[in-house]
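The block underneath contains the structure these notes are about, expressed in structure tokens.
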Amino acid sequence: MDRLKNVKNISWHQVKSFSESFAKETSEYLFTKAKILGASFDTIPEDQKVYDEGNQRRHHYLASLNSASTPHNLTFTQATESDRAKIYDFMMDVFRIHEPITNNLDCQEWELEDFFSDILTECLNDNVSILVHDSSNKLIAICLNSIHHKKCDNKVSEVDDTSDKVDFTLEYERCDYKSDKANKIATFVATIDTNYEHLLPKEIEKLLKLDVICVSPAMARCGIAATLMNVVFEFGKIEGADGIISCTTATGSQNLLKKKGFFKIKSHSFDMFKVNGEIVFKNLVDKGVGGSLMLKQLDLDEVV
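In short: position in the sequence shown from 1, add 209, done, that's my numbering.
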């Protein structure tokens with residue numbers, strides 16, 4: 210009974226002090242033992258820590274970029290899943306109309322719904338896509354990117370610049386988009402954009418892939434696309450990528466990438482791409498002659 214009385218007489222502050230002391234000593238003991246045994250009590254997975262660090266570095270880089278004075282008061286941000294709807298609208302309202310191959314086929318919105326949705330899903334997965342807003346918070350440019358890893362180690366010394374294959378009806382019939390036009394575009398892109406690993410230099414293992422870059426015509430020739438490319442290079446370095454790769458079908462994009470140090474590793478001309486015996490893309494608005502898979506190796510010490 211005396212012991213119970215003594216327990217009742219213990220103050221709350223004494224209990225709190227004892228609990229904190231016990232917790233501290235127990236924690237120190239466990240971590241000391243873990244260190245001796247080579248174990249770890251870190252509950253954050255290693256890949257999650259790398260992901261979080263990459264996000265912090267990307268946000269810091271964009272904050273520095275946005276703090277610099279620009280003539281148009283533009284804001285560069287990292288795209289997230291919450292931006293999906295407005296990016297989709299931009300792709301429909303701007304990219305669909307001004308991208309030469311979609312323009313050439315006079316694609317309507319319904320014909321590209323699932324195709325654009327697939328692009329968005331892939332490019333919002335890795336947190337390396339970029340948006341640009343003007344001073345009124347209107348979206349005026351997008352740069353959609355994804356991360357890819359090389360699947361083979363073979364190296365081909367000669368650039369695969371041409372293909373003897375002309376008719377791609379079988380490949381077209383395997384596509385399952387709901388519109389004929391989307392299937393034709395997807396087939397052409399896949400002609401250039403797949404099975405390219407053996408064309409890569411041996412030292413390249415990880416790539417940041419630039420899938421879509423588009424600037425609103427109202428903001429054309431303001432240096433936005435060039436700045437976006439610099440952000441892409443920085444994001445690639447943060448991700449530990451060995452290079453940047455892009456399948457380009459527009460003359461403007463091909464010229465921009467060439468100026469930024471990209472070189473062609475694979476190509477296919479429009480007049481050598483037929484479905485059911487007919488050339489699909491003719492007389493494009495930008496006078497384009499074909500698509501090219503372009504690569505730039507990253508130098509981690511290079512200042513962009």
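Using N, Cα and C, we set each Cβ at its ideal position, and we do this for glycine too.
Measure how close the beta-carbons of residue i and residue j come, nearest whole angstrom, since I'm counting them as under 8 Å.
{"i": "Asp-453", "j": "Phe-442", "result": "Note that residue 453 is Ile in the sequence shown here, rather than Asp. The Cβ separation is near 7 Å, so the contact holds."}
{"i": "Lys-418", "j": "Ser-355", "result": "5 Å"}
{"i": "Ser-501", "j": "Lys-473", "result": "5 Å"}
{"i": "Glu-308", "j": "Ala-459", "result": "6 Å"}
{"i": "Gly-486", "j": "Asp-376", "result": "7 Å"}
{"i": "Val-576", "j": "Thr-378", "result": "Any property of residue 576 remains undetermined from this structure, which presents the chain solely from 210 to 513."}
{"i": "Ile-310", "j": "Ile-394", "result": "6 Å"}
{"i": "Leu-348", "j": "Ala-288", "result": "So it is not a contact: roughly 10 Å between Cβ atoms."}
Return the first residue and the last residue of the beta strand (DSSP E) that residue i is part of.
{"i": "Phe-472", "result": "472–478"}
{"i": "Val-424", "result": "415–424"}
{"i": "Phe-285", "result": "284–287"}
By DSSP, does residue i sit in helix, in strand, or in coil?
{"i": "Cys-332", "result": "helix"}
{"i": "Asp-376", "result": "strand"}
{"i": "Gly-499", "result": "strand"}
{"i": "Ala-429", "result": "coil"}
{"i": "His-342", "result": "strand"}
{"i": "Val-484", "result": "strand"}
{"i": "Ala-395", "result": "helix"}
{"i": "Gly-449", "result": "coil"}
{"i": "His-281", "result": "coil"}
{"i": "Ser-228", "result": "Any reading at Ser-228 is ruled out, since the residue's pLDDT is 49, under 50, leaving its predicted position unreliable."}
{"i": "Ser-455", "result": "strand"}
{"i": "Leu-493", "result": "coil"}
{"i": "His-407", "result": "helix"}
{"i": "Tyr-270", "result": "helix"}
{"i": "Lys-276", "result": "The displayed chain sequence assigns Ser, not Lys, to residue 276. In the structure shown, Ser-276 sits in a helix (DSSP, three-state: H, G or I)."}
{"i": "Asp-323", "result": "helix"}
Tell me residue i's beta-bridge partners as DSSP assigns them.
{"i": "His-358", "result": "Lys-415"}
{"i": "Gln-265", "result": "In the DSSP output, where bridge partners are listed per residue, Gln-265 has none listed."}
{"i": "Lys-505", "result": "Ile-453"}
{"i": "Ala-350", "result": "Val-341, Val-424"}
Starting from residue i, trace the alpha helix (DSSP H) both ways and give me its first and last residue.
{"i": "Thr-561", "result": "Past the edges of the chain, shown from 210 to 513, lies residue 561, and the structure says nothing about it."}
{"i": "Thr-460", "result": "460–468"}
{"i": "Phe-304", "result": "Taken as a continuous stretch (DSSP letters only), Phe-304 belongs to no alpha helix (DSSP H), as it is neither H nor E."}
{"i": "Lys-298", "result": "In the sequence on display, residue 298 carries Asp and not Lys. Taken as a continuous stretch (DSSP letters only), the alpha helix (DSSP H) holding Asp-298 covers 293–299."}
With a threshold of 7 Å between beta-carbons, can residue i be considered close to chain C, or not?
{"i": "Cys-423", "result": "The structure shown has no chain C; it contains just one protein chain."}
> Would you say the stretch 323–330 touches the stretch 474–483, given that touching needs at least three Cβ pairs under 8 Å?
Replying inline: no
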